[in-house]
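Numbering (my numbering), first residue to last: 39 to 301. We treat Cβ as the ideally placed atom computed from N, Cα and C, and that holds for glycine. As the structure is a computational prediction, the values presented were derived from the model and not from experiment.
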């Protein structure tokens, strides 16, 4: 066996071990949770259990309401994420192009990024009313400012020697951005997107807590108000699965791009 084949085999074995360990942690957690609820170590009324969560999932599915709630939350999250990506890319590029604009606006971005976004949600309701517009804006507000700062910082720190070389050869700012800055920051953009997809989901749920009649956030609030804790935990579990799948999709895109670079 060649050294390259040994390395590939070792690498695959390592990833299998990581996946197996992750699965074991989940299985042990579920077993401990189920046993604790059934033996009275925890109160199943407040903490539910895996079996009760499965029953709640089946009930919601039979009522034909679960797919609607999941679809609404997923649509709002993806729309918020796409808007965050487009707006942050445009504004980060604008700040990179104009040093004067970046000097003026950067402190405001830092302040806005540090604001607790849940405190802004009531204002969104007053300004926009209840409905999907408020939820989308809430989803955008959680992720947008951090994304702009991250992308602008990455653009600004891109290989100054190459940028200077293009300038020396008569290139302009647009050519520097197209030839050096953007290609050099593809991995940064993908990494920022992986963070933003989760933040967009958080913002959407905050919006649904206050301004929705459909969606998983609405189910969580409704379940807590009616003391249906299994419904609450079922909704949270579904949110975890959605977040994991969305993150995994972007992670696979990142891995594909890295393989393309190394090819």
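Check, Outcome
"Outcome for residue 50 when other beta-carbon atoms lying within 10 angstroms are tallied against a minimum of 16", "exposed"
"Reference residue 114; option with closest CA among 282, 244 and 278", "244"
"Of the residues 85, 100, 238 and 224, the one placed nearest residue 156, counting alpha carbons only", "238"
"Enclosing alpha helix (DSSP H) for residue 276 [first to last residue]", "267-300"
"Host alpha helix (DSSP H) of residue 90 (start-end)", "88-100"
"Beta-carbon proximity of residue 91 to residue 262, cut-off 8 Å", "no"
"Inter-stretch contact (C-beta, 8 Å, three-pair minimum) for the stretch 212-225 and the stretch 150-168", "no"
"For residue 74 and residue 120, the rounded distance between their alpha carbons", "42 Å"
"Start and end residues, alpha helix (DSSP H) containing residue 151", "137-152"
"Residue 105, DSSP secondary structure in three states", "helix"
"Nearest neighbour of residue 180, chosen from 61, 81 and 240 [CA to CA]", "240"
"Backbone CA spacing between residue 197 and residue 177 [nearest angstrom]", "33 Å"
"Identity of the residue in 108, 201, 101 and 202 nearest residue 246 by Cα", "108"
"Beta-carbon proximity of residue 140 to residue 133, cut-off 8 Å", "yes"
"Pairwise C-alpha distance: residue 76 and residue 165", "48 Å"
"CB of residue 159 within 8 Å of CB of residue 234, strictly", "no"
"Contacting residues, own chain, Cβ-Cβ under 7 Å from residue 217 (five flanking each side not counted)", "204"
"Spatial neighbours of residue 236 in its chain, beta-carbon cut-off 8 Å, leaving aside the 5 residues before and after", "281, 284 and 285"
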